[in-house]
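There are 2 protein chains.
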Amino acid sequence: MRWNELKREPCSVARTVSVIGDRWTLLILRDCFLRVRRFEEFQARLGVTRHVLADRLRKLVRAGVLHKVVYQTRPRRFEYRLTDKGLDLHPVLLAVVHWGDVHMSGRRGRPMLHEHLACGHMFDPVMTCSACSQPVDVRAVRLHPGPGAVRRR
Amino acid sequence: MRWNELKREPCSVARTVSVIGDRWTLLILRDCFLRVRRFEEFQARLGVTRHVLADRLRKLVRAGVLHKVVYQTRPRRFEYRLTDKGLDLHPVLLAVVHWGDVHMSGRRGRPMLHEHLACGHMFDPVMTCSACSQPVDVRAVRLHPGPGAVRRR
DNA sequence: TCTAAAGGTTCCCTTTTAGAACTGAGTGGA
DNA sequence: TCCACTCAGTTCTAAAAGGGAACCTTTAGA
């Protein structure tokens, strides 16, 4: 299966993967949330080749996750900023960071701490249920076909 | 930068990406959470080439996300199951699914609904703060270097 | 003996990526 | 005027990864 076929799959994981399911894309987004915005800065921080970086930024813009903003005319230059759609990826990044903190930190401990400005404490992200506000355990979830489901084979 | 260098970066996103930051891996994990366990079943559902599937399963086992369980001797055959470390990826998948539901569903609506057995309602996942239990807004998070941080350049 | 199933491996060819050099618009200084 | 420098890319080549299909191995059953 090729990349382009992925986004047509009747599955939200597949469709999301068609946008962010790539080694570099998630790292670019991490930097976006760290307020990195310019080509050279992404390139220097990530160590990705310029070719691939240009390609990924283009794809993220086309996907509506980033948008280009002119920050200078003469010469005309752009920076890349998260759109609202891009900002909505924050929970994904939080979940990814948390898993890495717990399972990949080594003995030196986690590289970063998150402070919740609303309450002033360092925190870990917790997935909860929008209906009852309790943490969601894997075993307590049952799946049902939704309106966008298709029966197959 | 090569794959193998990623897992040594002092960043939980990079380290997590070194395990799951690949087009197929996230789809394999999706199927794991849907209780798919056998090679042939992954292959049929995903449409990934057998070569790549074998490689990804091997890597996930080495990473401690899946483990092989003998379900039949003569001939000896294995199935792949999520370890506790793998089950801990559930919030990542929930976040990914939710983003896809919101931003990639098209007019037919989401392909799947999640029921929270603890409360009996259909739900969306909500990222909350472990300290105050309130939903976490992007703008309300400040980052600080943790014990595993390194100063650089 | 022949066929079938499960879980891979091997092969060949195409696509993607790494790494480095180059381009092009424009600035600021000598 | 000429030169060096900045930023945001593009171009080039070789190496690595991926797609697609066929093949292999163990065992069961007809």
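Protein chains in written order, with the numbering used here: chain H, 11 to 163; chain L, 11 to 163. Cβ atoms here follow ideal geometry from the backbone N, Cα and C, with glycine treated the same way. All of these numbers come straight from a predicted model, not from anything done at the bench.
query: Interface residues of the segment 12-32 of chain L facing chain H [CB-CB below 9 Å]; result: W13, E15, L16, K17, E19, P20, C21, S22, V23, A24, R25, T26, V27, S28, V29, I30, G31 and D32
query: Which listed residue (Y90/H, C139/H and D98/H) has its alpha carbon closest to that of Q82/H; result: Y90/H
query: Straight-line Cα distance separating R84/L from G6/H; result: Residue 6/H falls outside the range modelled here, since chain H spans only 11 to 163, and no answer is possible.
query: Residues near V62/L by beta carbon distance below 7 Å, same chain, minus five either side; result: W34
query: Closest residue to G130/H among W13/L, L16/L and Q144/L (Cα-Cα distance); result: Q144/L
query: Residue environment, H124/L, which counts as buried when at least 16 other CB atoms sit within 10 Å; result: buried
query: Min CB distance H126/H to chain L below 9 Å; result: yes
query: Own chain, CB closer than 7 Å to D134/L, minus 5 neighbours either side, in chain order; result: H108
query: Under 8 Å (Cβ pairs) to chain H, residues found in the segment 96-107 of chain L; result: L97, D98, L99, H100, P101, V102, L103, L104, A105, V106 and V107
query: Whether G31/L touches D41/H by CB criterion (9 Å); result: no
query: Inter-residue spacing [alpha-carbon to alpha-carbon] between L103/H and V23/L; result: 8 Å
query: Closer than 9 Å to chain H by CB, H131/L; result: yes
query: Outcome for L153/H when other beta-carbon atoms lying within 10 angstroms are tallied against a minimum of 16; result: exposed
query: Minimum Cβ-Cβ distance from D65/L to chain H less than 9 Å; result: no
query: Range of the contiguous beta strand (DSSP E) that encloses R69/H; result: Arg is not the amino acid found at residue 69/H; the sequence shown has Lys there. Not the beta strand (DSSP E): K69/H falls in the alpha helix (DSSP H), residues R60 to R72.
query: Neighbour-count burial assignment, D111/L, 16 or more Cβ in a 10 Å radius; result: buried
query: Buried/exposed call for A54/H, threshold 16 Cβ in 10 Å; result: exposed
query: Chain-order list of residues whose beta-carbon lies under 6 Å from that of V160/H (same chain, five-residue window excluded); result: P20
query: Nearest-angstrom Cα separation, counted from S140/H out to A128/L; result: 12 Å
query: is_contact[V112/L, chain H] using C-beta, thresh 9 Å; result: yes
query: Pair within 9 Å by beta-carbon distance, T93/L and V75/L; result: yes
query: Alpha-carbon to alpha-carbon, L39/L and R163/L; result: Confidence at R163/L is low in this model, with a pLDDT of 37, below 50, so the placement of that residue is unreliable and no value is reported for it.
query: Residue interval of the alpha helix (DSSP H) (run including P101/L); result: H100 to H113
query: Chain-ordered neighbours of L36/L on chain H, where CB pairs are closer than 7 Å; result: V23, V27 and G31
query: Any chain H beta carbon closer than 9 Å to R146/L; result: Reading the sequence as shown, one finds Val at residue 146/L and not Arg. It does: the Cβ of V146/L has a partner Cβ on chain H nearer than 9 Å.
query: H77/H versus H113/L - alpha carbon distance; result: 16 Å
query: Runs of alpha helix (DSSP H) lying entirely within the segment 17-50 of chain L, each at least 4 residues, in chain order; result: 22-30 and 33-43
query: Own chain partners of W13/H with C-beta closer than 7 Å, once the 5 adjacent residues on each side are dropped; result: S28
query: DSSP-derived helix/strand/coil call for R163/L; result: Bear in mind that the predicted position of R163/L carries a pLDDT of just 37, short of 50, making it unreliable; the figure below should be weighed with that in mind. Three-state result, R163/L: coil.
query: Exposure label - R86/H; buried when at least 16 CB within 10 Å; result: exposed
query: Cutoff 8 Å; reference L37/H; Cβ partners in own chain excluding five residues on either side; result: L56 and V58
query: L56/L (DSSP reduced to helix, strand or coil); result: helix
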